[in-house]
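Residue numbering for the sequence shown follows numbering that gives the first Met the number 0, starting at 0 and increasing by one per position. Where a beta carbon is used, it is the ideal one built from N, C-alpha and C, also for glycine. Worksheet: one structure, shown below.
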Amino acid sequence: MKHRTSMAFRHQRPAGFLLGDKPALVDWRNALERLDGSYSPHTLLSYRSDFASFETWCNEHSLAFLPANPSTVASFIIALTERLKPSSLKRKLAGIRKIHHLLRLRDPTRDVDVDLAIRKARRLKPQRPTQALGITANFRDRLLATCTDDLTGLRDCAFVSVGFDTLCRRCELVALRAEDLAPNHFGTASLLIRKAKNDPDGAGRIAHLTADALSALQNWIAAAQIKHGPLFRPVYGKFAIDRHMNPIALTRILKKLARSAGCTPEEVFSISGHSLRVGAAQQLTINGVQLLPIMRAGGWRSTNVVARYVENVDINVWG
């Protein structure tokens with residue numbers, strides 16, 4: 000009777016949970032496909048690559064990866080501590096945790112040995128999050144002054160102006176559509192940010208444009224003859240192509256304008272697609288805006304992130 004029960008249990012388990020059993024390789028990759036549409040493509044890619052690296056390491060050391068033992072996960076973290084940052088190690092754990100969860104296996108990352116391995120990594124490599132160079136209002140104006148009067152220049156001017164006013168992440172900025180723009184009778188406008196990194200359900204948020212940003216945007220829309228669809232588009236020659244821009248384009252545009260504005264190589268290097276978002280938050284702080292309105296303007300849910308963005312703002316609290 001016991002023999003039958005044991006055989007039945009083995010039959011009910013998902014196939015291939017031992018080292019070298021090929022069906023296991025299929026199982027965890029197939030399990031990830033269940034997440035399609037629930038997570039961003041970037042997150043799914045991270046889960047896949049991080050667990051694949053764990054699988055490879057386990058095979059090299061003749062250790063089972065499904066299900067993995069906590070001691071195996073801890074050893075994996077320790078082995079990577081010298082060459083990876085603690086944040087990257089935590090991402091590896093997230094991938095291992097997600098695969099085990101999808102296959103309804105015990106989570107091997109929730110263990111004291113794994114916690115200790117991460118703590119050791121943090122103490123070995125204490126790190127402060129790197130921050131992009133903030134493009135504040137004066138810096139932004141220097142960049143805008145270099146924009147040309149052709150179609151590319153009009154787009155770049157609108158791109159920078161809208162990015163600053165809305166505090167958008169670059170992926171949010173390139174996802175904007177003409178239908179998201181709503182001018183009002185005050186001479187300004189609002190934009191619907193449909194989906195954000197911290198808004199997986201797509202509830203959206205409303206961002207507001209100044210009159211100057213709206214004017215720059217309307218100049219671009221008129222020149223590109225945009226009626227509907229993607230708001231910011233690639234430009235080839237004298238034509239705007241009817242498709243969304245790549246998010247990396249914002250970084251390239253900012254660096255290009257910074258070089259034209261005479262910025263130092265160090266400044267150009269420090270600029271990223273996050274620079275407008277960081278700089279706008281810093282500018283609002285300089286202007287005396289309180290933390291909660293800044294969080295609302297940028298769609299932040301964590302005060303810690305905003306506090307880190309504005310910590311370099313030169314404000315004399317005793318003045």
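Beta-bridge partners of PHE231, as assigned by DSSP: Note: PHE231 sits in no beta bridge, so no partner.
Selected residue, minimal CA-CA separation from ASP114, among ILE76, ARG105 and GLY298: ILE76
Rounded C-alpha distance that separates ARG105 from LYS97: 11 Å
Exposure label - ASN298; buried when at least 16 CB within 10 Å: Note that residue 298 is Gly in the sequence shown, not Asn. Burial call: buried.
Distance between TYR46 and SER39 (C-alpha atoms, nearest Å): 11 Å
CB-CB length for SER160 against ALA212, believed under 8 Å: 4 Å
Integer Cβ distance of MET228 from ALA177, believed to fall under 8 Å: Per the sequence presented here, residue 228 reads as Gly, with Met not at that position. Yes, they are in contact, since the Cβ atoms of GLY228 and ALA177 sit about 6 Å apart, within 8 Å.
Straight-line Cα distance separating CYS170 from GLY152: 21 Å
Cα-Cα separation, GLU265 to ALA116: 36 Å
LYS158 to THR263 span [Cα, whole Å]: The residue asked about is misnamed: residue 158 is Phe in this sequence, not Lys. About 22 Å.
Under the three-state DSSP convention, the category SER39 falls into: coil
VAL312 vs ILE285 beta-carbon contact at 9 Å: yes
Residue range of the unbroken beta strand (DSSP E) whose run includes ARG204: 204-208
Segment contact, 8 Å Cβ cut-off, at least three pairs: the stretch 249-260 with the stretch 132-143: yes
Residues near ASP20 by beta carbon distance below 6 Å, same chain, minus five either side: For ASP20, the predicted structure reports a pLDDT of 47, less than 50, and the residue's modelled location is therefore unreliable. A value from the coordinates is still provided. Excluding positions up to five away in sequence, the list is empty.
Cα-Cα separation, SER37 to LYS84: 27 Å
Per-residue burial, TYR235 [other beta carbons within 10 Å of its own, 16 or more giving buried]: exposed
Other residues of its chain near ALA78: CB distance less than 8 Å, five sequence neighbours each side excluded: TRP56
Rounded C-alpha distance that separates SER74 from ALA63: 13 Å
Whole-angstrom distance between ASP112 and CYS156, CA atom to CA atom: 53 Å
6 Å CB neighbourhood of ASN245 in its chain, flanking five on each side removed: none
Neighbourhood of ASN58 by C-beta distance below 6 Å, restricted to the same chain and skipping five residues each side: none
ARG82 beta carbon less than 9 Å from that of ASP49: no
Assigned exposure category for PRO107 - 16 Cβ within 10 Å defines buried: buried
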